[in-house]
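Student:
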Amino acid sequence: MIRLYPGTCEPDRDSSGEGSGFPGINPVGMSVENVRSKFVERFGHEPQIIAISPGRINLIGEHTDYNDGFVFPAAIDRGMYVAASVKEPETLTLSVQTGEGVPFRVGRVAPKFTTNWSKYPAGMGWAITQESGIQLPNLEAVVDSTIPIGSGVSSSAAIELAFGVTWSHLAKLALGNRELAILGQRCENQFVGVNCGIMDQMACALGKEGHAIFLDTRSLDVEYAHVPDGLTIVLCDTKKERALTTSAYNERRSQCEEASKLMGVGKLRDADEHMLYVNKSKMTDVVYRRAKHVVSENARCLKFKDALAQGNFGEIGLLMKASHQSLRLDYQVSCDELDAMAQAAWASPGCVGARMTGAGFGGACVALVKTNLVDAFTESVLGLYKLATGVQGEAMSCKVVDGARIVEA
Ligand code: GLA
């Protein structure tokens, strides 16, 4: 059974989207219309239902979630749209960006049944079936994305959540978004084979317009933090697609587990600087550095929460820079392109803070930028990045939006 976590400050949102406070349709592009017309083109009739899940950026708290630590993501107005209708006997999927999925019978395919992108809807259907014991309906479905491919803003969690709300609605399961997030993580861990934490699914599920999400990944308590007026989140895409992530990610996770075992704690969340110091000789240099990143990143995440609440831009900038350096030097998940982009951001007008965001090894940096200087920032960051790498990056201003929901049914 899904654990329901006490003490959260928000009631679980019903996946129907009612009462979510979402003001309407995602402002980016015409994707609701796009996904509908692609559905009609592919299947020859109107869809029964259209759902959306946002992607996410993470302001700070990186590689802390599978250590029971703190994270600070926000759902952004780049997302996944799913148009679907019930159709037996098997589920047929088409991604506008990546093509036809492998057909599957929902709930009846075994983990790792395909490497095609349709492992995400198949895995979500599998996780919901495992949890509820209910035979879900098969679907015809089209997925359209406004998430830049390979940029590390959680396209997979967004697909899981968009299909999660779709199936929950069609099968009248009324699963809350928090439960769907937990099932999304189960899909990744047990069906897809990525040993990820819970941050991405919780961010896509529990996003709130104008607010970042301070999440304690141990209790799953959520505190919403208003993104200060006058600040804009800018996603700075290096255009280096994330590569080799699964093996390197799983390796980082086991190094953290080794460190916590050597220090005699359940999770690195329970370690502090003093414990690191006294146990250093028990650890290899690499394992020590992994643990040092996690311990210091948890502390930075807590300090960041206060700095954001106080509008202390100087502190925000220092913490984001320190986070990037720790990920680069100790956790070793950055790359030349991410370092070049972060440096370009730090040197650009209006930048309050910037760092790599997400798992790393490519993808994007996130920058907090003074809204009145976003144009100057964008021109400068892309110019400096191109000078350093020869590559044309992309900078996208993001709005912070609500989590996954049904937009039409
Ligand atoms: C990926 C994972 C998350 C988290 C981040 C790093 O996005 O899916 O669970 O571990 O990397 O912070």
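Everything in the sequence shown is counted per our numbering, starting at 512 for the first residue and increasing by one. C-beta atoms are modelled at their ideal positions from N, C-alpha and C, and glycine is treated no differently.
By alpha-carbon positions, which one of GLN608, PHE824 and LEU694 ends up nearest to ILE658?
Tutor: Of the candidates GLN608, PHE824 and LEU694, the one whose C-alpha sits nearest the C-alpha of ILE658 is GLN608.
Student: Check for me: the alpha helix (DSSP H) holding THR625 runs from which residue to which?
Tutor: It is not in any alpha helix (DSSP H) - THR625 carries neither H nor E in the DSSP assignment.
Student: Please state the DSSP three-state secondary structure of TYR842.
Tutor: Of the three classes helix, strand and coil, the one that applies to TYR842 here is coil, per DSSP.
Student: At a threshold of 6 Å, does MET831 count as lining the ligand GLA (C-beta to nearest heavy atom)?
Tutor: False, no ligand heavy atom lies under 6 Å from that Cβ.
Student: Counting only the same chain and skipping the five closest in sequence on each side, list residues whose C-beta sits under 8 Å from that of VAL776.
Tutor: Once the five neighbours on either side are set aside, the close Cβ partners of VAL776 are ALA782 and MET786.
Student: With a cut-off of 8 Å on the beta carbons, I'd call LEU884 and GLY914 a contact; round off their distance for me.
Tutor: 29 Å between Cβ atoms; not a contact.
Student: Express the C-alpha separation of ALA595 and LYS778 in angstroms, rounding to a whole number.
Tutor: For LYS778 and ALA595, the distance between alpha carbons rounds to 41 Å.
Student: Counting Cβ pairs, one atom from each stretch, are 3 or more of them under 8 Å apart for the stretch 811-821 and the stretch 568-577?
Tutor: Enough Cβ pairs lie closer than 8 Å, so yes.
Student: For CYS698, which of helix, strand or coil comes out of DSSP?
Tutor: Helix at CYS698.
Student: When DSSP labels each residue in this structure, what does PHE581 get in the three-state scheme?
Tutor: Note: PHE581 maps to strand in three-state DSSP.
Student: Determine the direct distance from the alpha carbon of PRO565 to that of VAL539, and round the result to whole angstroms.
Tutor: Low confidence applies to VAL539: its pLDDT is 43, below 50, so where it sits in the model is not reliable, and the reading given next is rough at best. One C-alpha to the other measures close to 11 Å.
Student: Check whether the Cβ atoms of VAL593 and THR677 sit closer than 7 Å, and answer yes or no.
Tutor: Contact: yes.
Student: For the alpha helix (DSSP H) containing CYS707, name the first residue and the last one.
Tutor: Note, CYS707: premise wrong, no alpha helix (DSSP H); not H, not E.
Student: Would GLU599 and ARG616 be called neighbours here (beta carbons separated by less than 7 Å)?
Tutor: No. Outside cutoff.
Student: Based on Cα-Cα distance, which residue from ARG619, TYR631, ALA853 and ALA652 lies nearest to GLY894?
Tutor: Ranking the options by Cα distance to GLY894, first place goes to ALA853.
Student: Does the structure place the stretch 865-873 close enough to the stretch 747-758 that three or more beta carbon pairs sit under 8 Å?
Tutor: Contact holds: three or more Cβ-Cβ distances are below 8 Å.
Student: Confirm the yes/no value for this check: CB of CYS707, any heavy atom of the ligand GLA, distance under 6 Å.
Tutor: Within the cutoff, so yes.
Student: On a Cα-Cα basis, can you pick out the residue from VAL582, LEU650 and PHE583 that is closest to PRO614?
Tutor: Nearest C-alpha to PRO614: LEU650.
Student: Taking three-plus beta-carbon pairs below 8 Å as touching, is the stretch 696-708 in contact with the stretch 617-632?
Tutor: Yes, since at least three Cβ pairs between the stretch 696-708 and the stretch 617-632 fall closer than 8 Å, the two stretches touch.
Student: Could you spell out where the beta strand (DSSP E) holding MET907 opens and where it closes?
Tutor: Run containing MET907: 905-909, per the beta strand (DSSP E) assignment.
Student: Is the distance from the Cβ of ALA673 to the Cβ of MET591 below 7 Å?
Tutor: The answer is yes: Cβ separation under 7 Å.
Student: Contact defined as beta carbons within less than 8 Å: I believe GLY864 pairs with GLY828. What is the distance between those atoms, to the nearest angstrom?
Tutor: The Cβ separation is near 4 Å, so the contact holds.
Student: Taking the beta carbon of GLN766 as the centre, do at least 16 other beta carbons fall within 10 Å, making it buried, or is it exposed?
Tutor: Answer is buried; the Cβ neighbour count reaches 16.
Student: Where does ALA595 sit, in a helix, a strand or coil, going by DSSP?
Tutor: Note: ALA595 maps to strand in three-state DSSP.
Student: Between which two residues does the beta strand (DSSP E) containing GLY566 stretch?
Tutor: Taken as a continuous stretch (DSSP letters only), the beta strand (DSSP E) holding GLY566 covers 560-569.
Student: Please name the residue in LEU647, ASP588, PHE624 and ALA802 whose C-alpha comes closest to that of THR578.
Tutor: Note on identity: in this sequence residue 578 is Asn, with Thr being the wrong assignment. Answer by Cα proximity: ALA802.
Student: Tell me which same chain residues have a C-beta within less than 7 Å of the C-beta of ARG780, skipping the five on either side of it?
Tutor: Cβ neighbours of ARG780 beyond the five flanking positions: ASN578, ASP579, GLY580, ARG729 and ASN809.
Student: In angstroms with no decimal places, state the Cα-to-Cα distance between ALA856 and VAL806.
Tutor: The straight-line gap from Cα to Cα measures roughly 26 Å.
Student: Quick one, which of ILE563, THR889, ALA851 and GLN843 has its alpha-carbon nearest CYS715's?
Tutor: Of ILE563, THR889, ALA851 and GLN843, the residue nearest in Cα terms is ILE563.
Student: Identify which residue in VAL918, GLU905, ILE917 and LYS910 has its Cα closest to the Cα of ILE660.
Tutor: Comparing Cα positions, the closest option is GLU905.
Student: Identify the continuous alpha helix (DSSP H) that holds ILE670 and give its terminal residues.
Tutor: Note, ILE670: alpha helix (DSSP H), 666-681.
Student: Let me check understanding here. Comparing Cα to Cα, which of ALA585, LYS549, ILE560 and ASN545 lies closest to VAL745?
Tutor: Checked all of ALA585, LYS549, ILE560 and ASN545; the closest Cα to VAL745 is ALA585.
Student: Please indicate yes or no: does the CB of MET710 lie closer than 6 Å to some heavy atom of the ligand GLA?
Tutor: Checking every heavy atom of the ligand GLA against the Cβ of MET710, one is found closer than 6 Å.
Student: Rounding to the nearest angstrom, what Cα-Cα distance links THR575 and GLU557 in this structure?
Tutor: The alpha-carbon atoms of THR575 and GLU557 are separated by roughly 43 Å.
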